[in-house]
Each structure stands twice: as structure tokens, then as C-alpha cells.
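Below: one structure, written as C-alpha cells.
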């Protein structure tokens, strides 16, 4: 199961999607929205995506993880739209016969997802401002606080 | 030939649109598109060097050639997760 969704991520559904009698391990990672970035308070986050490419990139990453580790199934879900503080914005689940492979594959999938999948996050700060988060980008003229 | 470039997140805000239409003389590469986009939308100039480009949902390089049917996207640094 690889999906972009505007609904709340259902962790149990993700777990069931990778469940297999061949496996002794399921690693389920949930990325949740955080209230504080250093001292700055976030009210809510919103996510937008280049949908077709995000979907195909996530499918490709899952296939690569399955080629690289003895992984039975992978599931990835990324939420779009507004995500209130404390809720899951992303879920990655991996099942494998033994736990080490599931831990490694899930960690690798999350790292690659954050590098390659075209999804963008916007911070809605408690002070009323908003910022797109673009790692490594220096703030262009007239824009403040872009990450 | 006409080339449409999709914009996202900050690039969309800076350009004030989600798509820019460029008229270019073939052969066209991503390097051509990047330069033409900077010229068409000067507000994008400072961040275009940091943007990746995709052609038909695949990451492209500056030397990737573009035909007139291709879907081109300008991708500022991603921040999913």
C-alpha cells in the first residue's frame, strides 16, 4: 500500500497492509507534527505534493527496499493538507522474517523519502506567520525565515 | 515549441501561478528551461539554482532533453515526512 491521503493516517491499517505469516518482524514508523522548532511555536502544518510523481517515487523506493533487503512487504502513506500538531504526517511500515532487516529498510525508506519524494511542508506559526520549509535554501529577498 | 512548467510551494508563491508557459526553440534541455524560467519570472531567480527539475515524473538533469509533450516540473527542495 503506497498512498497520498488527505485523511488521518490509520496506523493499524498500515500495519495490516504489511502483515504476513512469513514475517517475524514489522517495523512501523510514524512521523508526527511537532509543536516547537527550536523556540518557535507551530500551530499547524500543511503539506502539498506533486501527486503523480510523489506516488511513483514512493512506489520506486518500496521496490528498491524490497530488492535490497529480504523484506516481505512495504507500506508508505503520506498525509496532505492540514495536519494538526501531534498527528502523523507520514507512515512507513516494513515486514521481514527477522527484525534487523525491517529496522534497516524502514530507516532507509524514511531517509530516501525525505530526500526524493516531492512533498512540501508549510509551517503555520503561532505568531501568525507562515513559511514553506525548503531545506538548504537560503531565504530569498523579501522572504523571512524560510528554512 | 511550447513548454509548460509546473511550480510548487515557494516557487508557486513567488511566481504567483502554478504553471508557466514558455516558448522555446528546439532543441530544448532542462538547462534551457531553467534559464528561460528565470527570465520569464525574475522573482524565481534567486531560488532556481536550488531547484530540481522533473520530466514526466522522473528527476532530470540539466542535460535532459525535453520534447513538446513532456510534463516538466520545477521542484524546490522537498520537505515531506
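Protein chains in written order, with the UniProt record's numbering: chain E, 1 to 147; chain L, 1 to 81. Ideal Cβ placement from N, Cα and C applies to all residues, glycine included.
Contact check for residue 80 of chain L and residue 94 of chain E: beta-carbon distance about 18 Å, past the 8 Å limit, so the pair fails to qualify. For residue 28 of chain L, same chain residues with a beta-carbon under 6 Å away, outside a window of 5 residues either side, are 66 in chain order. Contacts with chain E at 9 Å (Cβ-Cβ) include residue 73 of chain L.
Beyond the five residues adjoining it in sequence on each side, residue 11 of chain L comes within less than 7 Å, by CB distance, of 44, 47, 51, 74, 76 in the same chain, given in chain order.
At a cut-off of 9 Å, the C-beta of residue 57 of chain E has a neighbouring C-beta in chain L.
If you look at residue 33 of chain L, you'll find it in the alpha helix (DSSP H) that goes 30 to 40.
Pairing residue 57 of chain E with residue 116 of chain E gives a Cβ-Cβ distance under 9 Å. Neighbours of residue 109 of chain E across chain L, judged by C-beta separation under 7 Å, do not exist; the nearest C-beta is about 11 Å away.
Using a CB distance below 9 Å, no part of the segment 35 to 46 of chain E faces chain L.
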